[in-house]
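The numbering of the sequence shown is the working numbering, which starts it at 82 and goes up by one.
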Amino acid sequence: MSAFAIIRKTRRKHAQSGMSLVELLVGILIGLVATLAISNLFSGFEARKRTIAGGADAQSSGVLAMYYIQRDAQNAGYGLPLYNSSDPSPLLCPINTSINQAGVVINLSPVVIVDGGAGNDIVRIRYGNPASGGASMRATGNMNAPSLDGRLIGCQENDVVLFHQTPANPTCSMARLKKLNADRTINTLSELNTVPTANPVTDLNGADWVRFSCIGVWNQYEFAVSDAHELTRTGGTPGSNAFPDSTAVAVAGEIVSLQAQYGVADTIDPTATTATAAAYINRVDRWVDATGQFGTAMVLIDRNRIRSMRVAVVARDGNLQKATVSQPCNGNAVGVSKVCIWQADANPVNVDLSAIPNWQRYRYRTYEATIPLRNVIWNRDAL
């Protein structure tokens, strides 16, 4: 072997191998593409997770809000004495039959909706808590300390009591049971006719007999949406922070709208007779806002046509999106969710959320419930 061949063989043996510049650039490019693909995949997963988590939060808030409202609304009117063939119904009492509860006048209306116009409505629900269920007894003698045809079982001192006369003369008064005797008879009544009715009961010795009922603590619970987008519940029984000045307690967060309507009866029952007016069938013929005829100037005959109420709450998921994801109910943007209430109606309606900054960049869920006012329905199919 020649010396030249030996040198070439030695050089080949010790030569180093590697990638060219082109190969290196191709490898970097592949790595960048893979990194971008993985980043987009994780970004999609994260967005999906936020959507699911936000939807779960809105669902929890909406369900919780509806639970509190339904629980109280199903008790609306509890404690008012039930109607039978001889007793007068408390629903025949003048609509302004009231008592002063720690500075706020509260009447016998089981449910009151305060219409908020383009904003949020307020729902007020009233009921008592008597152990007797509001059973009535005949009363005679002097109204300030009447004699009853039975003992006050289940009635406690400071409970609210109701005097109501015959169906032919349905005048009523409310008072507070200030003191009981040891034998469970009345010792003292207070606050009698604190806010007089149009024709208060003034004498138990007349031709018309009077019924007496203990309705317990006549509570009022108020549901509203705060500026912090929370459903709040105010009210309760008297205590160290007496009703109705109790603190508004937030019961559900991320609630941006509360809307309510009355379900009223329009159909007169041809078989029913009352001393004062026709009776309406226990059914809902239409839904109305708490305005006009069913607003603040509502009269007794219209109040007693209320058979049910329906409530809608709109919950927000709380995550601000990068783009528009929501629109009004009458919007027509493709792929953007509509925010509607009364969705079972032929024409669902808008919810005005324009006061919320960037409201269209949030996702919303609407929850609705129809709540029959059972204590009203059971009481009487009257007026």
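Cβ atoms here follow ideal geometry from the backbone N, Cα and C, with glycine treated the same way.
Just so we're clear, the structure is a prediction, and the values are computed from it rather than from any experiment.
So, with DSSP's three-state summary, where would you put residue 365? coil
Cross-strand partners of residue 162 (DSSP beta bridge): Residue 162 pairs with nothing; no bridge assigned.
With DSSP collapsed to three states, give me the class of residue 148. Note: residue 148 maps to helix in three-state DSSP.
Over the uninterrupted alpha helix (DSSP H) stretch that includes residue 458, give me the two end residues. 455 to 460 is the extent of the alpha helix (DSSP H) around residue 458.
Apply the 10 Å Cβ neighbour rule to residue 401 and answer buried if 16 or more other Cβ atoms are within range, or exposed otherwise. Residue 401 should be labelled exposed.
Mapping DSSP to helix, strand and coil, what is residue 329? Residue state, collapsed to three classes: coil.
Drop a sphere of 10 angstroms on the beta-carbon of residue 112, count the other beta-carbons inside from all chains shown, and report buried for 16 or more, exposed for fewer. exposed
Where does residue 197 fall in DSSP's three states? coil
Need the endpoints of the alpha helix (DSSP H) that residue 382 sits in, please. 381 to 384
Buried or exposed for residue 222, going by 16 or more other Cβ atoms inside 10 Å? exposed
Residue environment, residue 117, which counts as buried when at least 16 other CB atoms sit within 10 Å: exposed
If distances are taken between C-alpha atoms only, which option among 384, 137, 343 and 238 comes closest to residue 259? 238
Roughly how many angstroms lie between the CA atoms of residue 199 and residue 452, to the nearest whole one? 23 Å
Span separating the alpha-carbon of residue 101 from that of residue 110: 15 Å
Extent of the continuous beta strand (DSSP E) run through residue 188: 185 to 188
Check the DSSP bridge columns for residue 311 and list the partner residues they point to. 334
If we call anything under 9 Å between Cβ atoms a contact, is residue 215 one with residue 294? yes
So what's residue 257 in DSSP terms, helix, strand or just coil? strand
Just the C-alpha distance for residue 373 and residue 383, rounded to the nearest angstrom, thanks. 11 Å
Segment limits, beta strand (DSSP E) that includes residue 31: One cannot answer for residue 31 here, as it falls past the ends of the chain, which runs 82 to 464.
Rounded to whole angstroms, what's the CA-CA distance from residue 362 to residue 457? Just pull it up for me. 12 Å
Rounded Cβ spacing between residue 272 and residue 257 (contact assumed at less than 8 Å): Confirmed, Cβ separation roughly 5 Å.
Outcome for residue 252 when other beta-carbon atoms lying within 10 angstroms are tallied against a minimum of 16: buried
Is the region 297 to 308 touching the region 185 to 203, taking contact as three or more C-beta pairs under 8 Å? yes
Terminal residues of the continuous beta strand (DSSP E) containing residue 393? 387 to 397
Is residue 107 helix, strand or coil by DSSP? DSSP places residue 107 within a helical segment (H, G or I) once states are collapsed to three.
Measure the C-alpha to C-alpha separation of residue 339 and residue 369 and round it to an integer number of angstroms. 15 Å
Using the Cβ count rule (16 or more neighbours within 10 Å means buried), how would you classify residue 462? Only weak support exists for where residue 462 lies, its pLDDT of 48 falling under 50; the value from the coordinates is given anyway. Classification for residue 462: buried.
In this structure, how does DSSP classify residue 115 when only helix, strand and coil are distinguished? helix
Which stretch, first to last residue, makes up the beta strand (DSSP E) that contains residue 272? Secondary structure note for residue 272: it is in no beta strand (DSSP E), with a DSSP letter that is neither H nor E.
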